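What follows is a short report on a single structure.
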Amino acid sequence: ESVIKEYGQNLAGERVEVWWPKDRVFYKGVIESFDSAKKKHKVLYDDGEVEVLNLVKEKWNIIEDDSVADEEEGS
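Taking UniProt numbering as reference, the numbering of the sequence shown is continuous, increasing by one, and the terminal residue is 75.
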């Protein structure tokens, strides 16, 4: 993977999808905040769940434009 992901405060407000291995699916949400002391991000998922994660250890992607992705899935 050639894309280098940046971690930290600059991700706050970004739409992301986070892989849940037990469910074998990506869940979409928004990064609410970053705790620099713990190096963890708070993710608010679309279904209302909240999770605090170390994104370095997770499989996740930034969602550039949600509407484009939805159209591609339908084709």
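Note that the Cβ used here is the ideal one computed from N, Cα and C, for glycine as well.
Nothing here was measured: the structure is a model prediction, and the numbers come from that model.
Which partner residues does residue i have in the DSSP bridge list?
i: Asp35; result: Lys40
i: Lys28; result: Glu17
Whose C-beta lies closer than 8 Å to the C-beta of residue i among residues of the same chain, with five residues either side of it excluded?
i: Gly8; result: Phe34, Ser36
i: Asp56; result: Note that residue 56 corresponds to Val in the displayed sequence, not to Asp. Once the five neighbours on either side are set aside, the close Cβ partners of Val56 are Tyr7, Lys39.
Report the CB separation of residue i from residue j in whole angstroms; it is logged as a contact under 8 Å.
i: Phe26; j: Glu17; result: 4 Å
Excluding the five sequence neighbours on either side, which residues of its own chain have a C-beta within less than 6 Å of the C-beta of residue i, listed in chain order?
i: residue 85; result: The chain is shown from 1 up to 75; residue 85 falls before or after that span and cannot be answered.
i: Val50; result: Leu44
Sorted by chain position, which residues of the same chain lie with C-beta nearer than 7 Å to residue i's C-beta, five sequence neighbours on each side aside?
i: Trp60; result: Val16, Glu17, Val18, Trp19
i: Arg24; result: none
Are there 16 or more other CB atoms within 10 angstroms of the CB of residue i, so buried, or fewer, so exposed?
i: Gly29; result: buried
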